[in-house]
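Taking mature numbering (1 follows the signal peptide of the UniProt record, and there is no 0), I'd label the letters of the sequence shown as residues -20 to -1, 1 to 238.
Beta carbons are placed, not taken as given, at the ideal position from N, Cα and C, and that holds for glycine.
None of the values given here were measured: they were computed from a predicted structure.
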Amino acid sequence: MMPFYLSVALSCLLAVYVNAETTNCVKQADILFIVDASGSIGDENFEKVRNFLADFSRQYQVGNNLTHFSEIIFSSPPNINIVFGFNKYLTNTELSEALLRTPYPSGETYTAQALNLARTSAFTSANGARTDVPKIAVVLTDGKSTYPNDTSREAEDLKKSGAVVLAIGVSQRISPEELDTIATLPSYVFHVDDFAGLQSIINNVSKTVCTVVAQKAESSCVSLYRCLGRRDGDYPACSPECQEGYYYSCVNGYAYQR
């Protein structure tokens, strides 16, 4: 007969796996859109961006204790702004309607300033961000930033602050090297040749975010999640002792402190 602790562990891992494979995420997360609104996009293509954002948001269950969204748009100063905070729209309908109204100011591509705004203002309690849920930033841009060195530095600072960053590049003008610099991992970079292609990556991007959320929840240092070591004793999930091969206690797919 399979040991109880191993059976529980396998159930937990299966639950996390299933959640990562569905496009309807039900876990808690704060997801920030960082949206290029520069002049090279154009009105017609930016309408495709709006539709992508709204359709992407529908892959998640939005609500008080579920997923929250915020949005930054950026072009040239002073058009680098938080459009709405994480606690502004807490239903899927209200959120998608707001995303379909995303303003398009046009201008240059001040990506670095947008990443700075994400770290210093968007992911703060003043903007409705929560301290105990995964922070995910999704950057969408159609070209190389105006100040690439600043972009690299600000991306690194944002990632060091605890946010996981995904990068979506549109068009052939995009710099693959810059996308790699922005994203937390190379596998978090997505590229399409034109704005019509954004619809084709919604599932892949949303599944990646779901996987990140599940992994962050499983290994969060600030949570009550624990792993049970093969040696005697419990270890915080963020500690070096909690490596692959250790077992998790679970209740309905969530780890708990025993």
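In the structure shown, the three-state DSSP call for Gly177 is helix. Asp23 and Pro85 have their C-alpha atoms spaced approximately 10 Å apart. Between the alpha carbons of Tyr69 and Asn96 lies a gap of roughly 23 Å. By the criterion of a C-beta distance shorter than 6 Å, Leu80 is surrounded in its chain by Arg30, Ala34, once the five residues flanking it on both sides are discounted.
Pro128 sits away from Lys196, with the two beta carbons spaced by 8 Å or more. Nearest Cα to Ser55 within the set Ile14, Ile182, Gly108: Ile14. DSSP lists Thr121, His171 as the bridge partner or partners of Gly149. If the five residues before and after Ala78 are omitted, its C-beta is found closer than 7 Å to the C-beta atoms of Phe64, Tyr69, all from its own chain and listed in chain order.
Counting C-beta pairs closer than 8 Å gives fewer than three between the segment 130 to 141 and the segment 176 to 195, which falls short of the contact rule. Closest in alpha carbon position to Cys190, among Ala109, Val172, Tyr168, Gly177, is Tyr168. Apart from the 5 residues on each side of it in sequence, Ser155 sits with its Cβ closer than 7 Å to the Cβ of Lys124 in its chain, given in chain order. The residues Val145, Thr164, in chain order, have a CB closer than 8 Å to that of Lys139 in the same chain once the five nearest residues on each side in sequence are set aside. In this structure, Lys28 keeps its C-beta atom at 8 Å or more from the C-beta atom of Ala147.
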